[in-house]
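To start, the structure itself, in structure tokens.
Numbering (my numbering), first residue to last: 392 to 979.
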């Protein structure tokens with residue numbers, strides 16, 4: 392359909408071109424398999440950087456504590472600063488969910504192939520490349536064609552009396568733009584833009600009547616930046632010198648994509664149209680409604696899954712000779728196992744950070760039984776999971792999906808696992824590795840992983856950094872590279888003793904269960920979890936300006952007893968969520 396492509400390319404009404412590159416947030420830390428699972432130092436738009444504070448580590452190394460500190464900061468409610476808001480493009484999941492919620496289920500597998508997450512928490516991405524443009528064009532063509540070909544869908548999207556005159560049909564197109572198009576753009580079309588949209592309709596209708604005119608409009612609108620990006624301009628209502636209110640429609644989008652990962656529903660749009668999202672109380676009321684929806688109940692589990700790179704597990708490769716049981720079926724079962732644990736944690740175990748790190752509840756089916764030494768024959772043959780208590784378990788820290796991701800292809804990795812704990816639970820950024828890294832210790836028969844890692848103590852270029860990771864990661868050595876429990880490593884009895892240093896809960900421990908108990912009692916870890924949630928919920932890294940928002944959110948989280956279920960409500964009350972900087976001071 393060449394005409395729609397030409398009309399889109401020359402369209403004068405695109406708010407900002409698809410290829411617009413706006414500096415968003417970056418924070419990539421190398422981890423197993425090249426995955427991006429780090430929450431290290433992150434740069435916000437317009438050059439803002441995450442606030443940092445030095446923390447002394449063992450062996451004379453220096454770690455950087457990421458996450459805005461602010462204990463001594465005075466927060467002025469009359470002059471909030473929401474920080475810079477990067478331009479946010481819909482993730483692939485958000486795009487597909489939005490299409491399905493707008494038009495019904497439309498299979499776009501062949502025209503919009505699946506891609507892996509761009510970063511640990513899907514941090515804001517603005518840039519597009521040629522493949523993105525091609526996918527968007529093909530998807531827009533497929534969706535618009537499917538909509539106009541389906542009488543039922545067309546009647547809901549752009550109804551018009553059969554046999555209407557040309558003038559009446561154009562009136563129907565205008566009604567479509569004033570009505571359903573508000574859902575596509577997540578805001579009303581300005582009166583000044585109506586003529587330009589109708590001109591595009593006219594071009595299509597001249598070559599195929601009302602249906603083709605609507606098809607051409609849909610094709611163009613679905614490739615517009617107003618649809619593909621969550622554009623936030625704010626309003627003229629100032630809240631102090633560095634913040635303005637978001638519009639009701641912009642807040643509706645923040646709520647909907649934050650909680651449901653999709654476009655606002657009819658209730659949210661109705662509230663926005665009526666000005667019922669003006670206050671934090673209005674926003675909180677909608678939040679509570681949305682949390683009661685089954686989609687709302689998935690937000691915290693999705694955060695936890697994203698935190699441990701669960702969506703990337705399917706791409707984790709293992710050496711088939713070392714781990715012949717590593718199959719796609721096992722990987723799928725591991726994902727379900729982790730999701731089952733997260734759901735049960737929130738529904739039946741109190742939902743606290745302590746429970747997340749110390750829970751003895753495990754979920755097992757016939758595919759994952761061998762990982763814990765259970766009997767597969769004693770479990771249902773249909774693959775369903777059963778819960779039980781395991782004294783060796785430590786909640787998230789002993790999930791096979793987590794352990795397999797934080798490991799190498801043919802062995803466990805105290806380095807990856809210790810690095811994860813250091814960065815993800817204590818928000819400490821490790822120093823960059825030196826340029827002259829010596830070869831990794833080779834696997835030798837009869838030599839345990841712990842014995843091989845003693846080479847790090849000898850090599851001066853390795854010792855300082857590895858002293859921050861290895862003593863933590865060695866506490867995981869009861870678990871091999873796919874998360875299976877073991878007591879012997881390469882012919883040697885496992886020594887799972889470890890040590891935490893440079894934290895507020897320093898001490899020795901043996902095994903992951905004791906490590907989990909230490910972290911669960913850490914005020915720093917509780918604060919770091921709040922920082923990780925901020926990154927996930929806001930889709931960007933924290934900035935110095937976010938100090939007060941983080942402080943407010945973490946205070947609420949702490950007052951709840953570190954109940955993970957309170958995190959959604961805690962974030963929506965902050966200036967970072969409720970406002971944005973005026974455009975003249977922002978990065979957009």
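No residue lacks a Cβ here, since even glycine has one placed at the ideal position from N, Cα and C.
| Asked | Found |
| --- | --- |
| If contacts are defined as beta-carbon pairs under 8 Å, then residue 551 and residue 558 qualify, I think. What distance do you get, rounded to the angstrom? | The Cβ separation is near 12 Å, so there is no contact. |
| What does the alpha-carbon distance come out to for the pair residue 536 and residue 974? | 37 Å |
| So, residue 730 versus residue 786, is the Cβ gap smaller than 8 Å? | no |
| Give me, in chain order, the residues of the same chain whose beta-carbon lies closer than 7 Å to that of residue 915; leave out the 5 immediate sequence neighbours on both sides. | 817, 894 and 895 |
| Counting pairs of beta carbons, one from the region 661 to 672 and one from the region 639 to 647, are three or more of them closer than 8 Å? | yes |
| When you compare only the Cα positions, how much space is there between residue 945 and residue 771? | 42 Å |
| Measure the C-alpha to C-alpha separation of residue 746 and residue 874 and round it to an integer number of angstroms. | 20 Å |
| Could you give the distance in angstroms between the alpha-carbon of residue 796 and the alpha-carbon of residue 692? | 18 Å |
| Could you tell me which whole alpha helix (DSSP H) segments of length 4 or greater appear in the region 596 to 621? | 600 to 612 and 616 to 619 |
| Go through its chain and collect everything with a Cβ distance to residue 749's Cβ below 8 Å, but skip five positions before and after it. | 785, 786, 904, 907, 908 and 911 |
| Under the three-state reduction of DSSP, which class applies to residue 882: helix, strand or coil? | coil |
| Could you give the first and the last residue of the continuous beta strand (DSSP E) run that contains residue 900? | 898 to 901 |
| Cβ of residue 898 within 8 Å of Cβ of residue 809? | no |
| Would you report the Cα separation of residue 625 and residue 469, rounded to the nearest angstrom? | 18 Å |
| Which whole-angstrom value is the C-beta distance of residue 940 and residue 883, which I expect to be below 8 Å? | Not a contact, Cβ separation roughly 50 Å. |
| Using the three-state DSSP reduction, which class does residue 870 fall into: helix, strand or coil? | strand |
| Just to confirm before moving on: does the CB-CB distance between residue 479 and residue 620 stay below 8 Å? | yes |
| Using the rule of at least 16 other Cβ atoms within 10 Å of the residue's Cβ for burial, across every protein chain shown, is residue 657 buried or exposed? | exposed |
| Consider the Cβ of residue 804: report whether some Cβ of chain D lies at a distance smaller than 8 Å. | In the structure shown, chain D cannot be found, because there is only a single protein chain. |
| What residues match up with residue 891 in a beta bridge as DSSP calls it? | 898 |
| Check whether the region 524 to 538 touches the region 604 to 616, taking contact to mean three or more Cβ pairs, one atom from each stretch, closer than 8 Å. | yes |
| What are the start and end residues of the alpha helix (DSSP H) that includes residue 638? | First-last for residue 638: undefined, no H or E at that position. |
| With DSSP run on the structure shown, which of helix, strand or coil describes residue 969? | helix |
| Quick one: Cα of residue 950 to Cα of residue 775, how far? | 37 Å |
| Taking all protein chains shown into account, decide if residue 934 is buried (16 or more other Cβ within 10 angstroms of its Cβ) or exposed. | buried |
| With a CB to CB cut of under 6 Å and the five nearest residues on each side skipped, what residues in its chain are close to residue 722? | 704 and 705 |
| To which residues of the same chain is residue 886 closer than 8 Å at the C-beta, ignoring the five residues directly before and after it? | 839, 841, 865 and 868 |
| Shortest alpha-carbon distance to residue 789 belongs to which of 528, 753, 805 and 773? | 753 |
| Counting C-beta neighbours from all protein chains within 10 Å, is the total for residue 837 16 or more, i.e. buried, or is it exposed? | exposed |
| Determine, using beta-carbon pairs with one atom in the region 664 to 682 and one in the region 710 to 727, whether at least three such pairs fall under 8 Å. | no |
| With 16 other CB atoms within 10 Å as the buried threshold, where does residue 792 fall? | buried |
| Give the secondary structure of residue 769 by DSSP, where H, G and I count as helix, E and B as strand, and everything else as coil. | helix |
| Please report the Cβ distance between residue 653 and residue 498, rounded to the nearest whole angstrom; I am assuming they are in contact, meaning their Cβ atoms lie under 8 Å. | Rounded, the Cβ-Cβ distance is 17 Å, inconsistent with contact. |
| Could you name the residues of the same chain whose beta carbon sits closer than 7 Å to that of residue 740, not counting the 5 residues immediately before and after it, in chain order? | 746, 750 and 752 |
| In this structure, what does DSSP give as the bridge partners for residue 778? | 754 |
| By the 10 Å Cβ neighbour count, where 16 or more other Cβ atoms means buried, how is residue 954 classified, buried or exposed? | buried |
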